[in-house]
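Here is the structure we will look at.
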Ligand SMILES: Cc1ncc(COP(=O)(O)O)c(C=O)c1O
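Residue numbers (the working numbering): 15 to 388.
Here's what the structure looks like:
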């Protein structure tokens with residue numbers, strides 16, 4: 015073990031959303047960032063910026079594009095061209111800009127719920143509607159319900175928003191599922207937006223992340239893929255992200271949607287993204303081992319608590335826990351635990367618990383859960 019993920023970190027009074035937003039007697043296992051120090055190479059890259067004492071406008075170097083192209087080629091087996099890449103100051107802005115790419119004669123964006131809320135909120139903020147299709151259960155797994163999706167597909171629907179790996183249910187969608195989704199979009203002239211922010215956090219070693227746009231040239235040409243090193247390398251507060259948009263017309267509309275309301279990438283984003291992708295791999299590999307151990311421990315302990323049940327996550331550090339309490343978020347807050355309620359994702363009967371933290375914080379969370387549900 016080269017990195018010490020057990021090292022205690024103190025984030026209280028650091029302007030941390032996770033640690034400082036809720037009252038100080040609440041143990042925070044909600045918002046999706048981790049409590050670990052990022053790879054040292056990121057600190058070094060940011061220190062260079064700090065030390066310059068000049069924080070002017072940034073211009074992304076060609077090297078950043080090369081790093082992205084190289085990563086997508088090696089890890090995603092996807093050959094992308096420089097002009098397809100649109101740099102972004104955050105992934106959520108990318109979802110909202112995508113919603114504005116919806117063709118003028120269409121008024122609705124389809125997504126499968128429960129899901130990370132910006133996937134359905136982006137349609138609303140763009141003045142459009144959402145067509146929500148619930149996940150179905152099949153062979154003990156969460157699956158996209160293609161029968162229902164076809165049934166709900168009206169002339170209004172012009173876009174589908176996918177979250178893969180999935181927040182909050184932790185699925186890594188298989189090649190077959192993605193092929194089916196790709197066919198659904200192609201046959202019905204639906205633009206596919208794929209949020210793949212969690213793609214480097216695969217916990218189940220039998221699963222592999224597949225970028226849906228890499229499946230075939232047709233879907234590549236009808237898609238927007240959104241990516242970032244932010245979740246994986248714990249630089250979510252810095253925001254550096256990017257979209258890959260092979261189709262020039264879709265890209266032009268996306269660029270127009272962000273023009274003037276989205277800042278250019280700043281120095282912190284450029285430096286942290288490059289350092290993460292160029293030097294972060296050894297750290298990431300050990301992170302995955304640590305998260306997997308946390309996950310396995312949590313899985314066992316949660317399932318011993320009456321009224322709670324958890325299934326194994328294929329990816330992410332977010333556990334999706336079934337609970338028969340009407341409002342677990344509110345109930346647990348009273349017991350001193352901060353979790354994310356299912357209603358945030360347009361779901362019910364579940365809460366999301368963030369296990370991207372030191373083991374002693376997991377134990378503290380479990381202690382509160384045991385007391386609350388005893
Ligand atoms: C699926 C998904 N997309 C996007 C984001 C946030 O992206 P950003 O903070 O870069 O805007 C999150 C954060 O939890 C997420 O889970």
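Heads up, the beta-carbon is just placed ideally off N, CA and C, and yes, glycines get one too.
Between residue 184 and residue 327, the beta carbon gap of about 3 Å places them in contact (Cβ cut-off 8 Å).
In this structure residue 359 is in contact with residue 129, their Cβ atoms being roughly 6 Å apart against a cut-off of 8 Å.
With a cutoff of 8 Å, residue 186 does not count as near ligand 1, since its C-beta is closer than that to no heavy atom of the ligand. Under the 8 Å Cβ criterion, the segment 102-119 counts as touching the segment 271-287, having at least three qualifying pairs. Taking 9 Å as the cut-off, the Cβ atoms of residue 232 and residue 192 do not count as close.
In the same chain as residue 132, and ignoring 5 residues on each side of it, the C-beta atoms closer than 6 Å to its own belong to 106 and 109, in chain order. When the five nearest sequence neighbours on each side are left out, the beta carbons in the same chain lying within less than 7 Å of the beta carbon of residue 212 are those of 179, 181, 245, 329 and 330, in order along the chain. In this structure, the alpha-carbon of residue 62 lies about 25 Å from that of residue 21. Between the segment 258-267 and the segment 35-51, the count of Cβ pairs shorter than 8 Å is below three; the stretches do not touch. Per DSSP, reduced to three states, the secondary structure at residue 146 is strand. Counting the other CB atoms within 10 Å of its CB gives residue 66 a total below 16, which places it among the exposed residues. DSSP, reduced to helix, strand and coil, places residue 120 outside both helices and strands of the structure shown, so it counts as coil.
At a cut-off of 8 Å, the beta-carbon of residue 374 does not count as near ligand 1: no heavy atom of the ligand is closer than that. Of 251, 311 and 176, the smallest CA-CA separation from residue 287 is found for 251.
Taken in chain order, the complete beta strand (DSSP E) segments of 3 residues or longer contained in the segment 79-127 are 99-102 and 122-127.
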